[in-house]
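Student: All residue numbers for the sequence shown refer to the working numbering, where the first residue is 22 and numbers rise by one. Glycine included, C-beta positions come from ideal geometry on N, C-alpha and C. In this text, all values refer to a predicted model and were calculated from it rather than measured experimentally.
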Amino acid sequence: MEHVERPEARMAWNWAGTDIGKAHHHTVVLNSDGEVLLSRKVVNDEPELLSLISDVLELGEDVVWAVDVADGMACLLVNFLLNHGQTIVYLPGFAVNRAAAGYRGLGKTDAKDARVIADQARMRRDLHLLAPESDLAAEVRVMTDRRADLVQERTRKSNRLHAQVLSIFPALVRALDLTNIGPLVLLSGYQTPAALRRLGRKRLMTWLRNRKVRSAKLLAGTAVDAAERQHTQLPGESAIARVICDLTLEVISLHSLRVAPGVYELTWAPDGRATWSYGREQVRRRPSHRVAPDRHSRHPHPRVSRGSLEVVG
């Protein structure tokens, strides 16, 4: 972003401040003396916005536009203004709220906020200019925001998973880091102490190795040792185990989505089967895994193959 310099040599500048909203915006235009030339509420729609721009330019060709939101719900207006060769500066919402305290007698309205935005743009020299965004920059911004959303969602799901496992199997929580892929794969098949004890170290190690889990022997031994320390079955254990299985699959899918957002997709069928699909480019890079269902597992577990992840019973 660049800094905007207030024009000094030309005295006929107008200043258009717009309070951005989801469905409507409110624009107030001030002249160089701070007098209101126009105050209008407009729908966030192409014909309304183009009409607003035309009417503002009729008041004077030299206009500096100011907005309190630079993306999202402001994108349509900002792009129209840039396409018309207009100068746009950005005043963050928190700065508008702070400045509004110095304007008395106007109340808290969209019109007041728009006037504050316009007046701040008229007086301040340190506001940032908005420049046209390339397609590549827009894609990077969208994908970065998407990845941040996925990371946040994965953290939320992981916290829920941690709480559910802690409620029926605290020894396993102490023994393993449930954010790692190995323990997650384990939980996709076995969620209770009794299930792990019945399976035993050797068969659990084989089950994990078939799923390409690293350090399968160590993980199997640690999990079974934790199971040996708890022989009491808690109320609701079976229902909680099913929830743990579901949450585990969701966390695994979010982990892959976080790595390649927009490429992986997890879909659920009415019969409870889940298919995890991803693009051909990632298929060529991803090693092939294919294992058969395990008859010792009490719950569905992921079967990973080239191009999909299925939940099989």
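Any idea what DSSP makes of residue 40, helix, strand or coil?
Tutor: Looking at residue 40 - three-state DSSP - the assignment turns out to be strand.
Student: Between residue 229 and residue 240, which are expected to be in contact by the criterion C-beta below 8 Å, what is the C-beta distance as a whole number of angstroms?
Tutor: Sure, about 6 Å apart at Cβ, within 8 Å.
Student: Locate the beta strand (DSSP E) running through residue 45, then write down its first and last residues.
Tutor: Note, residue 45: beta strand (DSSP E), 45-51.
Student: Contact check, residue 74 vs residue 105 under 8 Å by CB: the rounded distance?
Tutor: Contact flag correct, Cβ pair sits at about 6 Å.
Student: How many angstroms separate the CA atom of residue 119 from the CA atom of residue 159?
Tutor: About 30 Å.
Student: Work out the CA separation of residue 275 and residue 253 for me, nearest whole Å.
Tutor: Roughly 33 Å separates the two Cα atoms.
Student: In angstroms with no decimal places, state the Cα-to-Cα distance between residue 91 and residue 125.
Tutor: Using only the alpha carbons, I get a separation of about 27 Å.
Student: With burial defined as no fewer than 16 other Cβ atoms inside 10 Å of the residue's Cβ, what is the status of residue 151: buried or exposed?
Tutor: Classification of residue 151: buried, given that the 10 Å Cβ count is 16 or more.
Student: Can you check which of these residues, 222, 42, 168 and 261, is closest to residue 212 by C-alpha distance?
Tutor: When each option's Cα is compared against that of residue 212, the closest is 261.
Student: For residue 154, tell me which candidate among 162, 220 and 85 has the shortest Cα-Cα distance.
Tutor: Looking at the Cα atoms, 162 is the closest of the given residues.
Student: Cα separation between residue 226 and residue 238?
Tutor: When rounded, the distance between both Cα atoms is 5 Å.
Student: Could you tell me which whole beta strand (DSSP E) segments of length 3 or greater appear in the segment 101-162?
Tutor: Segments of the beta strand (DSSP E) lying fully in the segment 101-162: 108-111.
Student: Taking buried to mean at least 16 other C-beta atoms within 10 Å of its own C-beta, is residue 235 buried or exposed?
Tutor: Result: exposed.
Student: Taking all protein chains shown into account, do 16 or more other C-beta atoms lie within 10 angstroms of the C-beta of residue 250, making it buried, or fewer, making it exposed?
Tutor: Residue 250 should be labelled exposed.
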